[in-house]
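**Student:**
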Amino acid sequence: MRSWLVRGLGMAVLHAIAEVALAKATVYDPTGLTTARIAVIALLVGAAALWSALDAWLRREDAGRTWFIASLVAGPVSGVLYVIGRAIFVDRTGAEELWPAISGGAAFTALLVLVPAGLGLFVGGRLKRPAEAEPSKHPRPSPRPRAAGD
1 MRSWLVRGLG MAVLHAIAEV ALAKATVYDP TGLTTARIAV IALLVGAAAL WSALDAWLRR
61 EDAGRTWFIA SLVAGPVSGV LYVIGRAIFV DRTGAEELWP AISGGAAFTA LLVLVPAGLG
121 LFVGGRLKRP AEAEPSKHPR PSPRPRAAGD
């Protein structure tokens with residue numbers, strides 16, 4: 001499977017779950033969710049930044065393009081999943097919510113994936129891989145071949 005598809009769908013599902021959970025919580029406490037919203041956005045930003053930093057640290061090929069396409073996939077897919085999740089779990093939202101979710105909501109989600117991913121790619125590309133670390137002073141012992149009778 002294409003790496004951008006895995007990242008895009010993964011981030012879309014994560015964003016949709018977060019949005020549906022916030023919508024469900026809003027039903028019970030419409031005005032007191034400022035801290036929860038900030039925490040959820042921080043979690044989503046952290047997930048994109050960490051995953052992209054890991055890609056850059058592992059020197060994945062074409063990581064920048066992969067994350068750009070993944071953000072474009074995550075936006076609309078997240079919007080559709082949000083409307084479906086909200087219709088099932090929150091308040092029977094209808095198809096009239098689909099267009100705002102895949103236009104404005106998709107743009108916000110795409111930016112919420114793309115900007116932290118860019119930051120993660122920048123930071124992860126600057127980190128040394130463990131294999132590139134300096135050799136230790138004491139060489140590691142290598143196994144000896146066993147004799148036929150052992």
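Going by my numbering, 87 is the number at position 87 of the sequence shown; the sequence numbering is gapless.
Backbone N, C-alpha and C fix where the C-beta goes; we use that ideal spot for every residue, glycine too.
Since we're looking at a predicted model, the values are computed, not measured.
(1) Assuming A56 contacts L9 under a Cβ cut-off of 8 Å, what Cβ separation, rounded to an integer in Å, is found between them?
(2) Kindly list the residues whose CB is nearer than 7 Å to the CB of G85, restricted to its own chain and excluding five residues on each side of it in sequence; keep chain order.
(3) Starting from L33, follow the alpha helix (DSSP H) in both directions and report where the run begins and ends.
(4) Can you give the beta carbon distance from L14 to A47, rounded, assuming they're within the 8 Å contact cut?
(5) Going straight from the alpha carbon of E96 to that of S78, what length do you get?
(6) Can the beta-carbon of G6 be found less than 8 Å from the beta-carbon of P116?
(7) List the whole-angstrom C-beta distance separating S74 from V113, where the pair is believed to meet the contact cut-off of C-beta under 8 Å.
(8) Under a three-way DSSP split, which group does L98 fall into?
(9) Counting only the same chain and skipping the five closest in sequence on each side, list residues whose C-beta sits under 6 Å from that of S52.
(10) Could you name the residues of the same chain whose beta carbon sits closer than 8 Å to that of A106, not counting the 5 residues immediately before and after it, in chain order?
(11) Can you tell me whether T109 is buried or exposed? The criterion is at least 16 other CB atoms within 10 Å of its CB, across all chains shown.
(12) Please report the straight-line C-alpha distance between I102 and V83, rounded to a whole angstrom.
(13) Do L22 and R37 come within 8 Å of each other at the CB atom, strictly closer than that value?
(14) Have a look at T26, D29, V123 and flag the residue whose alpha-carbon is nearest the alpha-carbon of L50.
**Tutor:** Let me lay it out:
(1) Actually they do not touch by this definition, with Cβ atoms about 20 Å apart.
(2) A16, V20
(3) No alpha helix (DSSP H) contains L33, which DSSP labels as neither H nor E.
(4) 6 Å
(5) 16 Å
(6) For the record, residue 6 in the displayed sequence is Val; it is not Gly. No.
(7) First, the amino acid is wrong: residue 74 is Ala here, not Ser. Correct: roughly 5 Å between the Cβ atoms.
(8) Looking at L98 - three-state DSSP - the assignment turns out to be helix.
(9) W67, A117, G120, L121
(10) G75, P76, S78, G79.
(11) buried
(12) 9 Å
(13) Yes, these two residues count as a Cβ contact at 8 Å.
(14) V123
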